[in-house]
Amino acid sequence: MISEDVLERGLADLAEQYDVPAGAVDRLRTTLEPDDTEASATTGTWRRRPTPRGWLALSAAAVVALVGIAFAIGGQGHPAEFGAADSTGGAGAVQPGAPSYVGSGAEGAAPSGGGATGSAGGTSGGTVNGQPIPAPQSVAHGGIVTDRNDAAKSIVPGSSTAPRVVKTGHVDLQVHKGQVSSVLGQVTAIADLEQGFVADSSSTEGGGVPSGRATLRIPVANFDDAVNRVRTIGHSPGAKILALETSGQDVTSQYVDLRARIKALRATRSQFITLLSKARTIGQTLAVQQRITDVQTQLEQLQGQLKVLSSQTRYSTLTVTVDQRVAPPVAVKPHHQASGLHRAFDRSVSRFARGFDAIVAAIGPILLVVLVGGALWLGAWFGYRRLRRSLV
Amino acid sequence: MDDLDSWLAESYPRAYRTACLVLRSPAEAEDAVQDAFLRVWRFRDAIPPGDGRRAWLYRVVVNACLSRLRADKVWRSRSDDGALDGLPSGERGPQQDTEDAALGRCVADALSRLPEHLRVPVVLRYYSGLAEKEIAVAIQRRPGTVKSRLSEARRRLADDPALVAWTELEVAR
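Chains as they are written, first to last, in numbering that gives the first Met the number 0: chain A, 0 to 391; chain B, 0 to 172.
This is how it looks when you write it as structure tokens:
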């Protein structure tokens, strides 16, 4: 081991060979002078390096700015999500891909009974020969149709349309042995009696317990009569009503709304077709055709919905299930009872398996906690070291 | 403020030579010490009172030196170029070729072969005169680590051919 004295002498001699630069201290003083006068505003950038708290604030500000920019660029999302009542295409240029929204967004925002309009903007979807391409109209819930080019038309629910009600019912019948098929026949006969039809029926016989099910479509006006007839069957000897549920839903407003939207879209489609005849360039033609396609798609969707709604309001649905009464099961005494030792062994094996499962299940979360904790500790440690280095 | 100014001025020569011993480049050492002193001035409110400020000053100096070593790969280039390239020339004339000068060159030669983590404690302990606790503050390690590094460094230096040759010469005299 080398002596400390030799090391001190050697290092001192070595260091003495390095001459201190002449005027280095003075240069240092000169460098420090601006800061000595506390003229921090005019000092170099290294004096202005943000503190860790400053970095945090800058990061937060950057995140907020990014979120703001994202909202600014992306707008407020789909009108249906935010209740926006209108959409506009790009002003002055045809945008075939520009979305068009009809009604759905306005439905949730406009009060029922009318008075609200779905349109707020005045921009057009482009121009063809100087004429603006109208964007599809928005229809607000409640019967007010807002047309960009025409005066608003009012469709008041109930004034021109009869109330539309969707009626449904469900009856569970229980009958004695051998009566399932006959009762099911009586139920299906109700459809003919009430000027309806059997939409669906099924029956199961042989093997297990026989049962049957029939779905009747009855004109809404005869729905109550049909339910009464089923109730009569249920009260007949050998039968019993286990459950009977009926419900009715007024969909008049939806019906009117769909019709209004379809009407508005048809008008829009007509305008587009008129514009299509005036288009002179391929670009204009394609743009208008794209709009027509969009409108046609929406129109077909709404027409489908209207068709379903019309069917539901014209014919109510009555579902009847018929089951045979089942005798209560006879308790059977098991022939073999496990001995006490055998049961104890089974219990022990079962508990061992459950304990093993619990241990394996617990290892996962513990491992995760250890990994996350270790990663956090490492990050904090390195961050602390960097922070300390940056501070001095 | 004047007290801090005078203290920095007094500390400059030893800090500069410490940086020279660590970096083995006077130019790099001057830049490192200037950078370190500017940092000390900037964070003068954080200077611990009393005896702790010397260790704190050397901590800043050592950090500045290590940053330069890591950033500029000074140490790597010095190692490749040769052990004594960064040192002042030993040819100081016959009249200066004294015994101490020979020892200095041998120590420089041996020091150049020490890794950074051992060289810095050795310089701080045997040139700058810092206690082990102060070195621990300066290099941000535990005192036990400093002690073991110093022991390891002395063991390596004792086995270094340059210092072994110097010792044999001393014995022969």
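Positions of the beta carbon are idealized from the N, C-alpha and C atoms, including for glycine.
Check, Outcome
"Residues of chain B with CB closer than 7 Å to the CB of Ala11/A, please, in chain order.", "Tyr126"
"Where does Ala343/A land, buried or exposed, given buried means 16+ other C-beta within 10 angstroms?", "exposed"
"Against chain B, which members of the stretch 19–30 of chain A pass a CB distance test of less than 8 Å?", "Val19, Pro20, Ala23, Val24, Arg26, Leu27, Arg28 and Thr30"
"Taking the straight line between their C-alpha atoms, what separation do you get for Val73/B and Arg67/B?", "Reliability of the predicted coordinates at Val73/B is poor, the pLDDT of 47 falling under 50, and the value obtained from them is presented with this limitation in mind. Between Val73/B and Arg67/B, the C-alpha separation is close to 7 Å."
"Rounding to the nearest angstrom, what Cα-Cα distance links Ser347/A and Leu340/A in this structure?", "10 Å"
"Please report the distance separating the alpha-carbon of Glu27/B from that of Gly363/A.", "53 Å"
"Do we get a CB-CB distance below 9 Å when we pair Pro48/B with the residues of chain A?", "no"
"Less than 9 Å between CB atoms is the rule here; does Val145/B satisfy it with respect to chain A?", "no"
"Look at the alpha carbon of Ser150/B and the alpha carbon of Tyr11/B, and state the distance between them as a whole number of angstroms.", "28 Å"
"What are the complete alpha helix (DSSP H) segments, minimum 4 residues, inside the stretch 221–255 of chain A?", "222–234"
"Please report how far the alpha carbon of Leu172/A lies from the alpha carbon of Gly237/A, in whole angstroms.", "10 Å"
"Please decide whether Pro160/B counts as near chain A, where near means a Cβ-Cβ distance under 9 Å.", "no"
"Reducing DSSP to helix, strand and coil, say where Leu37/B ends up.", "helix"
"Thinking just about the alpha-carbon of each residue, which of Val106/B, Ala8/B, Gly143/B and Ser24/B is nearest to the one in Asp408/A?", "Summary: the structure shown does not reach residue 408/A, with chain A confined to residues 0 through 391, and so no result is reported for it."
"On a CA-only basis, which of Arg313/A, Gln289/A and Ile189/A is nearest Ala161/A? Give me that one, please.", "Arg313/A"
"Does any residue of chain A bring its CB to less than 9 Å from the CB of Cys64/B?", "no"
"Among Trp165/B, Ile138/B and Glu29/B, which one has its Cα closest to the Cα of Arg384/A?", "Ile138/B"
"What's the C-alpha gap between Thr296/A and Phe271/A?", "14 Å"
"Just to confirm my understanding: we take Glu167/B, look at its own chain, exclude 5 residues before and 5 after, and list those with CB closer than 6 Å. What are they?", "none"
"Quick check: the Cα distance between Phe355/A and Leu367/A, rounded to an integer number of angstroms?", "19 Å"
"Pick out whichever of Arg52/B, Trp40/B and Pro114/B has its Cα sitting closest to the Cα of Thr30/A.", "Trp40/B"
"Return the bridge partner residues of Gly168/A from the DSSP annotation.", "Thr245/A and Leu317/A"
"For Asn227/A, does the count of other Cβ atoms within 10 angstroms reach 16, so buried, or fall short, so exposed?", "exposed"
"Does Lys176/A pass the burial test, meaning 16 or more other C-beta atoms within 10 Å, or should it be called exposed?", "exposed"
"Would you grab the beta carbon distance between Phe222/A and Lys166/A for me? Rounded to a whole angstrom, and I think it's under 8 Å.", "5 Å"
"Evaluate Arg279/A with the Cβ neighbour count: other Cβ atoms within 10 Å of its Cβ, from every protein chain shown; 16 or more gives buried, anything less gives exposed.", "exposed"
"Alpha carbon to alpha carbon, what distance is there between Leu274/A and Asp191/A?", "52 Å"
"For a cutoff of 9 Å on Cβ pairs, would you count Ala70/B as touching chain A?", "no"
"Specify whether the stretch 120–138 of chain B and the stretch 44–59 of chain B touch according to this definition: at least 3 beta carbon pairs, one from each stretch, less than 8 Å apart.", "yes"
"Which residue marks the beginning of the alpha helix (DSSP H) containing Ser147/B, and which one marks its end?", "Pro142 to Asp158"
"For Ser210/A, report the span of its beta strand (DSSP E) as first-last.", "Ser210 to Pro218"
"So which of Gly205/A, Gly211/A and His169/A has the shortest CA-CA distance to Val182/A?", "Gly211/A"
"Is Ile217/A near Arg230/A, with beta carbons less than 9 Å apart?", "no"
"Using three-state DSSP, classify Gln323/A as helix, strand or coil.", "strand"
"Trp6/B touches chain A at which residues, Cβ-Cβ below 9 Å?", "Chain A residues near Trp6/B: none, gap ~12 Å exceeds 9 Å."
"Starting from Asp4/A, follow the alpha helix (DSSP H) in both directions and report where the run begins and ends.", "Glu3 to Glu15"
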